[in-house]
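Residue numbers (the numbering used here), protein chains in the order written: chain A, 1 to 511; chain B, 512 to 1053; chain C, 1054 to 1169.
Even glycine gets a Cβ: it sits at the ideal position worked out from N, Cα and C.
As the structure is a prediction and not an experimental result, all values here were calculated from the model.
As structure tokens, the structure follows; a few thoughts come after it.
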């Protein structure tokens, strides 16, 4: 009944401590903030960000150098009793992406809070810095976790850090949005937890590596996986479970929206990817993948139309997030492996990962640009923004470039991602998915274009900024948008780094 | 990379670099006056670089360039028009506050449209195609009028649709290929044996036909081209539509031939050629008439390429390019002429009108002009079947349309105050007009394989004169119909499409209501359970 | 002995399932936020019972009781407690600001959109 796998599943690697560092550094930052005076919170956060960025780079470098996954076994206790941390190519990519987006957001927030001299040491900025670091730590914990219960705790930490970010300004609307977010996320986590309990009851372990060696399925495994996946879907806000996302992401302050939309919802998606590809038996994975793909495709079409209909810029971007998340779910049938190719050797795997990363950069850039716009004009009604391109040319450029990536226009990461997914759809014979990808691109073009059109317009009464916006703020958004563009220069083929640490893919890895 | 390779690379890189330099304020202020310089490397490359020269950009750019005969012909003509129109623009737009923005869009469109003629790999073809398509939007809406705005929206919707068709086609083309970014030549060679051949060709034709403006996908063209400022109209109608032509030339397997799709192109082309004339005659604005004439001429080009595809005649690509370069220069010169005429007072009107008339009738095939040369060069390939007569009659239609155009511009110019166009505009115009006469002559022996003397024989002259006479007669008839002018709105059938927007609005409103329902807490909770049960049941059955 | 223990585990599991079902129903069907929070706690309690059943079954492998699920339950209770605390704090805030204690107030979602 309880087939315990051999104890030496995880061998600690020399660079493993880097993973611990990635998780604990932000926590140390938060603790330091509690100790020092509130006005120093910003400095602590910035120092932590620098250190975290270095750690992320070190993890990637170490992974490239050794060519295998980094592993850390906590306290030397092997699973099933102990807990392991592990970073393969995909995890390292996520960690690096998170570090970059968080750092950029931090720089943005530093500039934004510096605008109001009184606000700088106020309660909201201090809370923001703490929550930002806590989010970061939780994200890293999700990306390196190997133990499903440990991941549950990480997910909960993530929710607890993300929910207050939504209602930082304390307005009634945002508090309601935060509550809605918290409630639905809790529902999701409890379903996930129930699944974990069932899994442990049946197999006596929660270690992903050990579970992945179970070949036989069973009712308990199916029920447990279904509960866990649905719980994660609720947190990822995939259509039709997206009720909480638009008000939450649109109501949050710009810097918080950027982190929420670019990173926080990626954590559950990442876990679903691992559950379906690593734990689910192959046949079950294919069927589950098909359902997820149907939901993903509906998400793309439905929420893109919704984005097109929004009157407010931030709501539009929020709906666009739900739509873009859909692309990550249509990866499942496209990346379905066969005898010759494991899922992570397919182009769809690379395409999905690239979509995830480029969406993170593009969406963060968009939210930051939208934040600058809302800050400058005091509102974000798209119809009344005619001519904002003249007042804020850099923000308009950032929005436009990020939009190109969302639309899948070359050269951008979004283009390469969509091109790879489209190729996979054509090769594997999924005409409907191919049509969905293209239609999603067209609809995305529609909503991006609405804003770009406003940027280029010349209204009868010229738009004027209510307050001066420092160039530095706008440049952060532009830098993120350019990062999304630069991803367009990765070659159109399976990317070796993403296969690192995946079994059976050790050979032929490009450094 | 040798000198000619560098020159080839520079023809893409110089305009791109100039666009990038516009980030710097001093350069931006001066960019407009430098527009004429940007296409010069391309012009030199077309003149000096031998056919078959290639250049390759190392990773991560992975762009390969290749100059071949049709590419060189088109590149030369296009670069010349871009350069002249750029010089025209710096005089025409000089004082405008938004001139810098115009210059940036101009340079980006220029990069894309010139690069398309020489790019050899599939991914960068798409990149440049997109660049030319999307940057042209900035040129179209530049004047910010309500008209320009509507034109811009219709243009962008259809341009993006074309992008989507082409992306799918390119992905399907490259899908069976070991190289992720194969050369266009390689994938086209394997196209006839591809299992997805018909789907790919249909998508390619759809995408490029949208760009060329073949009926019924032409609706954006008569709206967009007239909406842009004068020099931009010239390049849009002269060069940017040729993106579709070079696309068909590059991607259709002319050597293997595809009779069915060849006939599809012929049919679409003939319909377009006549449709453009018929709607064009009802128009009352000079620029719109020219745009409809472009539609009609693109139809003729599609017929040419269709015949080549039908009969597996690879020579059609060069002939198509030859015809296209004639159209590029003449149409560019005509658009510039509209600008010049608008600024010329009555006293100096006569010589300007005379030259405009010569250019206009060249489109109809006036003997000894480039139009006649283009028609005579393509005659042998068309043979003596119904296609040949259809083309000759279309020539009559062009004559009719151009006579209509001349009567409109002559009428418009009558009210001009006493003034004359600035020299900065006249010289570029004269250069384009002159080269439209000279270049086709110089290329004729190589393209048609006949001596120039053969052009002067009475039989050859008669071949081009009778359609013109027919066109003249038709003009006399058309003038009798007083109700005709203005009877069909600009953009013709787009008006029908715009009537359908209410349906789309309702659909979207319905989606919005569904969203409100789905975002209710209890509904979302139920969907959560439904998805869980569905997933569990399916995975259990597996 | 083993039969009896199996019986207990099954009972635990059934109780847990029943509690989870009740909790789920409350959470989804009730609009009042305080009730929903209570529902979450019932749902959580049910899940912890399932973990208890799992620990009891681990005992069959020769242990007197599997310690891992117990550790998980303790962690879970802490997490659930913090979640409840956060939810109650937010609810208190919402109540202070608006006097409402439910989210699905008439046309609440429309208001979200119309809000400038």
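Item	Value
Beta carbon proximity, residue 1130 of chain C to chain B, threshold 7 Å	no
Residue(s) in a DSSP beta bridge with residue 1088 of chain C	BP columns for residue 1088 of chain C are empty, so no partner.
Residue environment, residue 1009 of chain B, which counts as buried when at least 16 other CB atoms sit within 10 Å	exposed
Residue 1149 of chain C (DSSP reduced to helix, strand or coil)	helix
Span of the beta strand (DSSP E), counted from its first residue to its last, around residue 86 of chain A	84-87
Beta-carbon proximity check, residue 16 of chain A vs residue 500 of chain A, cutoff 7 Å	no
Whole runs of the alpha helix (DSSP H) within the region 212-291 of chain A, excluding any shorter than 4 residues	219-236, 245-251, 254-259, 266-274
Member of A:42, A:241, A:471 whose CA lies at the smallest distance from the CA of residue 296 of chain A	A:241
Three-state class that DSSP yields for residue 536 of chain B in the structure shown	helix
Spatially closest choice to residue 169 of chain A from A:257, A:14, A:34, by CA coordinates	A:257
The alpha helix (DSSP H) enclosing residue 135 of chain A, as first and last residue numbers	123-144
Closer than 7 Å to chain A by CB, residue 641 of chain B	yes
Where residue 506 of chain A falls: helix, strand or coil (DSSP)	With a pLDDT of only 35 at residue 506 of chain A, under the threshold of 50, the placement of this residue in the model should not be trusted; the figure read from the coordinates follows. Three-state DSSP puts residue 506 of chain A in coil, outside helix and strand.
Beta-carbon contacts of residue 220 of chain A that lie in its chain and below 6 Å, excluding the five residues immediately before and after	198, 202
Beta carbon proximity, residue 1151 of chain C to chain A, threshold 7 Å	yes
Straight-line gap, residue 554 of chain A to residue 40 of chain A (C-alpha atoms, nearest Å)	Here chain A comprises residues numbered 1 to 511, so residue 554 of chain A is not present and cannot be evaluated.
At least 3 beta-carbon pairs within less than 8 Å: the region 402-412 of chain A vs the region 437-457 of chain A	yes
Beta-carbon proximity check, residue 335 of chain A vs residue 348 of chain A, cutoff 7 Å	yes
Residue of A:345, A:180, A:342 minimising C-alpha distance to residue 243 of chain A	A:180
Boundaries of the alpha helix (DSSP H) in which residue 448 of chain A is found, first to last residue	431-456
CB contact below 7 Å: residue 1075 of chain C versus chain B	no
Proximity test, residue 266 of chain A beta-carbon vs the ligand GTP heavy atom, cut-off 6 Å	Questions concerning the ligand GTP fall outside what the structure shown contains, since it holds no ligand whatsoever.
For residue 888 of chain B, the first and last residue of its enclosing alpha helix (DSSP H)	881-893
Neighbourhood of residue 108 of chain A by C-beta distance below 8 Å, restricted to the same chain and skipping five residues each side	254, 255, 258, 368, 371, 473, 476, 477
Cross-chain neighbours of residue 175 of chain A in chain C, by beta carbon under 7 Å	1143, 1146, 1147, 1150
Per DSSP, the bridge partner or partners of residue 566 of chain B	B:576
Chain-order list of residues whose beta-carbon lies under 8 Å from that of residue 504 of chain A (same chain, five-residue window excluded)	Low per-residue confidence applies at residue 504 of chain A: pLDDT is 44, beneath 50, and the placement is therefore not dependable enough to give any value.
Residue 162 of chain A beta carbon less than 7 Å from that of residue 264 of chain A	yes
Distance CB(residue 63 of chain A)-CB(residue 13 of chain A) smaller than 7 Å	no
Under the three-state DSSP convention, the category residue 168 of chain A falls into	coil
Alpha-carbon spacing of residue 279 of chain A relative to residue 57 of chain A, whole angstroms	29 Å
Exposure of residue 758 of chain B, with buried meaning 16 or more beta-carbon neighbours within 10 Å	buried
Residue 490 of chain A - DSSP class collapsed to helix/strand/coil	coil
Contact set between the region 160-171 of chain A and chain C, restricted to residues whose Cβ is under 9 Å from the partner	160, 163, 164, 167, 170, 171
Beta carbon proximity, residue 1081 of chain C to chain B, threshold 7 Å	yes
Burial state of residue 513 of chain B (16 or more Cβ within 10 Å)	exposed
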